[in-house]
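Residue numbers (the numbering used here), protein chains in the order written: chain C, 1 to 84; chain G, 101 to 184; chain H, 201 to 284; chain U, 301 to 384. Below is one structure, written out as structure tokens; comments come after it.
Number of protein chains: 4
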Amino acid sequence: MTNTVDAYAVSADELRAFIERAEQIGAEKRDLSEIEKELMAEAKGRGYETKVLRKIIALRKRKPDDVTIGTAVMEMYKAALGMA
Amino acid sequence: MTNTVDAYAVSADELRAFIERAEQIGAEKRDLSEIEKELMAEAKGRGYETKVLRKIIALRKRKPDDVTIGTAVMEMYKAALGMA
Amino acid sequence: MTNTVDAYAVSADELRAFIERAEQIGAEKRDLSEIEKELMAEAKGRGYETKVLRKIIALRKRKPDDVTIGTAVMEMYKAALGMA
Amino acid sequence: MTNTVDAYAVSADELRAFIERAEQIGAEKRDLSEIEKELMAEAKGRGYETKVLRKIIALRKRKPDDVTIGTAVMEMYKAALGMA
DNA sequence: CACGGCAAAAGCATTC
DNA sequence: GAATGCTTTTGCCGTG
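So, in structure tokens, the structure goes:
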């Protein structure tokens, strides 16, 4: 027979499982961040400017349309402000 | 003989390699985020409050930090301030 | 009569006003950071370890948070996980 | 006569004063952030794209030289990658 | 479905 | 120049 204690125990196991899986995913993300950091350090050692590298990557990630639209609005605002 | 064009070409290959490796890492991170999202959706379907789940996870991550900061000077300052 | 030029001019004024107000706020923030820096320098001159000071401040900022998250569901989950 | 208790008491007061001043500065910074948030919300309500607004502000904050140098390297990398 | 709030991540500055 | 913490940005989720 299933009583409240059993149900609670099952719930605790399930809860713990969810949390541990989430924490595992978090750990893997942190590993990837570490690898990325090392990669950038290597690039820097090879003479590249990591700041610009990151900008390039961000640029490629965005949809081409977003960039176009974004710059169009940007130009409009700059023009309104008398910026070159 | 190595001329500027060759050097430039090599540089381009190397540059491209760095960027593609970084983008690959980014893709893996996004995959993990997707898996995490699905995990949370599953937890929600099982009746858990994902908001609280996330807080629990954050709490467990912070707990070890509090242990780390137990220096002598810290304890002295805390005592002077009447902190537990 | 309102033509596009006038509308544009008005828009430019408004845009400029928003930006200048934002920049003013940014300047005030930087002033505060500067004051904080000086304060820490003074504390250091008085013999305090600023690193520990900052940790104390961070600790006091987190303490109220722990109280905030004391929901019933949270407590239930923590109990199920054997957390204090 | 100054004994350790008095010296300690004075130190505690001084320590507390430093920390409270720092916390006060932190509170003021948070207030400014709140005001900035409201300002941006107002701008959005007036039809401006806050994302672009922030970029404009960042642009004006940087020294003109920085922008030029940054874009030069950026163009070099983009060229090497065959980006438009 | 747009909006605002919230938590995670990235980027940045500052420290030693 | 490595590392820490802070600020800013980004994505996510619930809500009107």
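All residues carry an ideal CB built from backbone N, CA and C; glycine is no exception.
Where Lys55(C) is concerned, the enclosing alpha helix (DSSP H) starts and stops at 50-61.
Contact between the segment 230-240 of chain H and the segment 110-127 of chain G is not established, with fewer than three Cβ pairs separated by less than 8 angstroms. With the rule of 3 Cβ pairs closer than 8 angstroms, the segment 337-348 of chain U does not count as touching the segment 56-70 of chain C. Shortest Cα-Cα distance from Arg246(H) to any of Ala317(U), Lys378(U), Tyr377(U) involves Ala317(U). Here the alpha carbon of Gly326(U) sits roughly 29 angstroms from the alpha carbon of Glu349(U).
DSSP places Thr68(C) inside the alpha helix (DSSP H), whose first and last residues are 64-80. Taking a Cβ-Cβ cut-off of 7 angstroms, the neighbours of Tyr377(U) in chain G comprise Leu115, given in sequence order.
Counting of Cβ neighbours within 10 angstroms places Ala222(H) among the buried residues, the total reaching 16 or more. The shortest CA-to-CA distance from Lys51(C) to any of Ala184(G), Leu181(G), Ile119(G) is the one to Ile119(G). Arg346(U) carries a coil assignment under DSSP once its states are collapsed to helix, strand and coil.
The alpha-carbon separation between Glu28(C) and Gln124(G) amounts to approximately 15 angstroms. When secondary structure is reduced to three states using DSSP, Met340(U) falls in the helix class. With a contact defined as Cβ atoms closer than 8 angstroms, Leu81(C) and Leu215(H) qualify at about 7 angstroms. Flagged as an interface residue toward chain G: Ala380(U), by a C-beta distance shorter than 8 angstroms.
For the pair Asp65(C) and Ala72(C), the Cα-to-Cα distance works out to about 11 angstroms. For Lys63(C), the nearest beta carbon of chain U is not closer than 8 angstroms to its own beta carbon. Per the coordinates, the alpha-carbon of Ala184(G) lies some 14 angstroms from the alpha-carbon of Arg262(H).
Closer than 7 angstroms at the C-beta level to chain H, one finds these residues of the segment 317-349 of chain U: Phe318, Ile319, Arg321, Ala322, Glu323, Ile325, Glu328, Lys329, Leu332, Ile335, Glu336, Leu339, Ala343, Arg346, Tyr348.
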